[in-house]
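Taken in sequence, the protein lines are chains F, R, P and X. Here the first sequence is numbered in my numbering, starting from 40 and rising by one per residue. Here the second sequence is numbered in my numbering, starting from 126 and rising by one per residue. Here the third sequence is numbered in my numbering, starting from -4 and rising by one per residue. Here the fourth sequence is numbered in my numbering, starting from 430 and rising by one per residue. Here's the structure, in structure tokens; my notes come after.
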Amino acid sequence: MNTSDVIVIGAGAIGSATAYYLARRGLKVTVLEKDGCVGVGGSSRNGGGVRQSGRHPAELPLAMYGVKHMWPNLSEELGVDVEYYQKGNLRLGKTEAHMGILRGLTESCVAGGLDMRLIDFKEAKEICPYLSEEIVGAGWCPTDGHANPMLVTLAYYRAARQNGVRYVSGAEVTELRKVRGRVSEVVTANGDVYSAGRVAVTAGYDSRKILSSVGLDVPMSPLLMECIVTEEAPHMFWQMLGTAMADFYGHQSKHGSFVFGGTHGYEAYAAYDGGARGASVAVPSTCRAIIGYFPVLRTLKVVRSWAGWLDECVDHIPVMDNPEETPGLTVGCGFSGHGFGISPVVGTLLADLVVGDAPLLDVSKFKYDRFKAKI
Amino acid sequence: MTRYDVIVVGAGPAGLSAAAEAAAAGARVAVFDENAKPGGQLFKQIHKFFGAKEHKAKIRGVNIGAELLAEAEGLGVTVFLNAPVMGLYKDREVLVRHADAVRRYKGDAVVVATGASENMLTFPGWTLPGVTGAGAAQTMMNINRVKPGHRVLMLGSGNVGLVVGFQLLQAGCELAAVVDAAPRVGGYGVHAAKLARTGVPFYLSHTVVRAEGTDRVTGVVVGQVDDTWNVIPGTEKRFDVDTICIAVGLSSSTQLLKMAGCALRDDGAGWLPVCADDGETSMARVYAAGDVSGIEEASSAMIEGRIAGAAAVRKLGFVTEEALAVRMAELESALESLRGGMFAPGRRGKIPDKTDEGLPISASLLSRGYLDDAEVDQYPGVKKTAGIRPVIECTQNIPCNPCRDACPKGCIKVEGGIVSLPVYDEKAGCAGCGLCVAACSGQSIFLVDDDTGGGAAEVTIPYEFLPLPGEGERGVALSRSGAALCPAEVVGVKQSPAYDKTALVTFRVPQEFAMKARFWRKEAVV
Amino acid sequence: MRLTNHPILGEAEARREVTFTFDGRAMTGFEGEPVAAALKAAGVVVHRYTKKNRSPRGVFCAIGRCTDCVMTVNGRPNVRTCVTPLEDGMAVATQYGAGEEAK
Amino acid sequence: MSVDRTRDFGGYVPAADDELVICRCEEVTKGEIRRAVRDGMFNVHEVRRFLRCGMGLCQGQTCARLVRAVVARELGVPPSALAEATGRAPARPTEMYVFANEEGLA
């Protein structure tokens, strides 16, 4: 009974999207999830940005394809309102140095064919009237947006289940096994063995440990990111927000609560110990950042904060590949904190890779064997 | 960052006790509490506590709170009020709000004593204004001094429901009924009896069908439940009430422990931190004490707090292993004596058929809230002797013995542990001083003189209501079930500092009612 | 509704009376007591109407945990009235949903 | 412990009390929770993320036990078999300007 066409390891947004698109192609899929809960990692713990602006040039086509062809129909396709709003992204700057950063970023995106431009404070204020007077200008991408990460993840999971995907939670993968040269068996911590024609690893940072069992390594490190959620407030604006310095990012959700991520500078040094616990400095630091750009939000109450691990790849873009040295295996990891916004596209591309179809979009930049010595 | 040897979260009975214990050993201790007043829920507990002297028995909770605070502050503990702890982080760091700012502190040990919050029960209309937790009603009347409502239905017959029910009466509210889905009274029989004799009906095996009202509660419908907890059609009864109090148990407030990453589990008693015997959680030098580590009484919370405080200061090198062992032995024995009896936490609500003495447990008390008149004589606190004598209607094994200590003549014995039923030793001779009546936290001791001449008897009852009757005032005597028995004239009203606000009211009734009359009410019965 | 005398707690201490408004109506209460207590004493039980069902809510836990008793106080919504001390001149208003204007 | 989530619940049988509000803050009903379980949300964390119950102003302090009981009943397990949702800072809703104001910050 532990035999299927494909095993997907990791039930996050990307794992479940991959499983869903594979099932839609008629494949028998099993998803193994380490945690007792699906979508418990970075998939449910991110700022919800569905951004094209600010993307690495290699990722930009994926983000643009998703925004154009997938996100607008996702709620309908999955049968769950994933709260996708495409009302633009404002990336704010307060100084000339900030504007310099935004200029570079804008030029890079425009070169990739994205509709993005620099705007002055007056125009930014027309788009979002709550900005601080200290703001000088902004990078503006009108086609960016945001969605609810928890709902997207669970909607893919739900739809995958409805399409016959078998999910086993609490199944921690300890080993991938080759059989006659092909990766086709997966062993879990309690000794269960699952076999399949193909195996896809979409387990965030934990992919590293799993891949090591077949001698693969993706140079990535765990990075703890923290977010805050406020009380719900009557609706103020729908844009996705960010800053040139990445002091914070976030949006007001459909519910009315604001979800903001921030950085305090010590995230990279958090201990990867199985938990995802925030630092005491995180909420204060994020609040100061937000108030600096949106003083009107200062009286809003924070009701919750959370932290989540992301898989920061050395070159900040993911690996999406069928490594030549491990036939039967598809790798999708190292999304470096921007996997959520491209998860529908990534799920489609990984499904392409798994079944051996020509990928919908070019994935050559995401090959496993791209990591070379500096000198 | 400010560092303390021990940081305590919560200035309730467990927290203040932990702080005092640690400070007494020389540790630098800070206590943080979100409330404006310390004491946790103690300041709402206006009733006298159970237990023995070492558990501060017969002292009212509100006074215990004041005593504990004085003890802790006298030992140099810094108590920060209006200081909610926002989070418990790595390395035992807490982030605390002070007015419009936050500040970070670290403790070499942290004792989490955040208490519990009330469980709720859902029924149609449960979100209407007027449906509240029983604790909310208690806060309103005993802290804020505002009546929670005029006419109240109490849902839940555990100790919280019974005690708060009595306090509602003390605040001048009417208590329409006590309702519980279980077939038996969940709390101490003595607490139930206090309500029943004032005429409060008990509806056991009943639940709320719905609360009525559009903008606020205007009534409630209850109905009898079958074995599967479904309401039996046709058994519905309606009460005109403006308030419904829910008293269906408490849940530990484990938020901080959860966010810190302490292991939790549920073995049927709720989602609780995994703790060692000394209260240490799965995280080193993070302790849980009091209700947060498992729901019990405030008396046990105080001891658990001391155990955690003692364990913490040992870990920090303030006391020797030997000194700790001595102290722990004392504390553990105190805790053990509280955890005995038929309501012991270990029994999980299983009520035995017989007392430890082999006497039957009153089925009437369990199902109706009062002893049947015919049952009373069989208990060792009830003996028929001439002249004035105590009648101790204490029929369940509960951890309590202030009656023994109260009697200057030594005529009340509680032997073989504090859960034993009190025995009236008639040979010692009762002087009729009434100290036992006032000392009984369960208000289950009465003085009876069967023959005061002219075919009359006199009954003395504990009385904690306003207005106090005056001597010569005529009213009616009520039975244990609250039924009007006969006219009764008040012949004595005694108040004394030694009684601690419990007045002793003596009324005269015809002799045949001496062993039946247990309450006095002013108004005549129609 | 005020308990001026109590068999155990005795006579109420003298407290400073202050004036506040509830939905624009002038009311009095005691300084420092929870806003919810002052409202209760004045017979106000509906603190807010919810967002989805527009159902009335009032005091439920009275210790600042359940957040059911929140109201708009001095223009700020979601204020837990059971733990917010009453101040002279406070403007207390019924809250609708997340704090939008009354409909 | 691994849990195979392949499960056929059979058809949804509406219950008389499906309209009962369980999460008071977010006004999530019993029926919604029951349906979410049947949609594959097999624990309180998933139900919470799917429906927002326990994610309102009080952060589940009132409904945590109630939600757990509904989920457990729908799954046919005792409530004690299910973990409660985790705790998150801040323990009380607190204004941003308060957090921003760290005493002792240079």
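For each residue, glycine too, the CB sits at the ideal point set by N, CA and C. Computed from a prediction, not measured in an experiment: that's the story for all the values here.
| For G250/R, which option in L34/P, T16/P, R52/P, A9/P has the closest C-alpha, if you only look at C-alpha atoms? | R52/P
| task | Rank V237/R, S282/R, A336/R, I486/R by C-alpha distance to the C-alpha of C398/R and give the top, closest one. | result | A small correction: the amino acid at residue 398/R is Pro; Cys does not occupy that position in the sequence shown. Among V237/R, S282/R, A336/R, I486/R, the Cα nearest to that of P398/R is on V237/R.
| Does any CB atom of chain P fall closer than 7 Å to the CB of G289/F? | no
| What number of angstroms, rounded off, separates the C-alpha of V40/P from the C-alpha of A445/X? | 29 Å
| Where are the beta strand (DSSP E) runs, 3 residues long or more, that stay fully inside the segment 5 to 68 of chain P, in chain order? | 12 to 17, 20 to 25, 65 to 68
| For E475/X, which residues in chain C fall below 7 Å Cβ to Cβ? | No chain C is present in this structure, whose protein chains are F, R, P and X.
| Cutoff 7 Å: Q501/X Cβ touching any chain R Cβ | Reading the sequence as shown, one finds Ala at residue 501/X and not Gln. No, its Cβ sits nowhere closer than 7 Å to a Cβ of chain R.
| What is the DSSP secondary structure of K538/R, reduced to helix, strand or coil? | strand
| query | Should I451/X and L495/X be called a contact, given that it needs their Cβ atoms to be closer than 7 Å? | reply | yes
| Just reading off the alpha helix (DSSP H) that S10/F is part of, what are its end residues? | Residue 10/F is absent from the model: chain F starts at 40 and stops at 414.
| field | Interfacial residues, the segment 16 to 33 of chain P to chain R, with Cβ spacing under 7 Å | value | E28, P29, A32
| field | contact_flag[the segment 344 to 355 of chain R, the segment 319 to 335 of chain R] where n(CB pairs < 8 Å) is 3 or more | value | yes
| said: Using C-beta distances below 8 Å, list every residue in its chain close to T480/R, excluding the 5 sequence neighbours before and after it, in chain order. | reply: M467, I486, T520, Q521, N522, L546
| How would you write the range of the alpha helix (DSSP H) that K459/X sits in, first residue to last? | 459 to 467
| request: Closer than 9 Å by beta-carbon distance: list the chain P residues that pair up with F590/R, in chain order. | output: P2
| query | Would a check of beta-carbon distances place S376/R closer than 7 Å to chain X? | reply | yes
| said: Considering only DSSP beta bridges, list what N128/F is partnered with. | reply: C180/F, M279/F
| task | Quick one: measure Cβ to Cβ for A321/F and S344/F, integer angstroms, because I've assumed they're closer than 8 Å. | result | 7 Å
| message | Once the 5 residues before and after G297/R are set aside, which same chain residues still bring their CB inside 7 Å of it? | response | K272
| said: Going by DSSP in three states, L546/R sits in which element: helix, strand or coil? | reply: coil
| field | Cα-Cα separation between M384/R and G212/R, rounded to whole angstroms | value | 7 Å
| request: Return the first residue and the last residue of the alpha helix (DSSP H) that P188/F is part of. | output: 188 to 201
| Every unbroken alpha helix (DSSP H) within the segment 63 to 138 of chain F, with a cutoff of 4 residues, ordered by chain | 99 to 104, 110 to 117
| query | For P398/R, does the three-state DSSP call read helix, strand or coil? | reply | strand
| query | Closest Cβ-Cβ distance between A518/X and chain R: below 7 Å? | reply | yes
| request: Report the neighbours of A318/F on chain R: residues whose CB is nearer than 8 Å to its CB, in chain order. | output: Y214, K215
| If you scan the segment 400 to 468 of chain R from start to end, which runs of the beta strand (DSSP E) of 3 or more residues do you find wholly inside it? | 411 to 413
| Delimiting residues of the beta strand (DSSP E) encompassing M211/R | 210 to 214
| Span separating the alpha-carbon of E115/F from that of A33/P | 50 Å
| query | Name the chain R residues that come within less than 8 Å of L(-2)/P, Cβ to Cβ? | reply | M266, R270, V271, K272, A296, G297
| query | Cβ atoms of G49/F and T241/F: under 7 Å apart, would you say? | reply | yes
| field | Residue(s) in a DSSP beta bridge with G232/R | value | Y129/R
| query | Considering only the beta carbon of each residue, do R337/F and Y526/X sit closer than 7 Å? | reply | yes
| message | Quick check on DSSP: helix, strand or coil for F644/R? | response | strand
| request: Would you kindly report the start and end of the unbroken alpha helix (DSSP H) that includes I249/F? | output: 246 to 251
| Proximal residues to G485/X (C-beta, below 7 Å), its chain only, five neighbours per side dropped | C452, C454, E455
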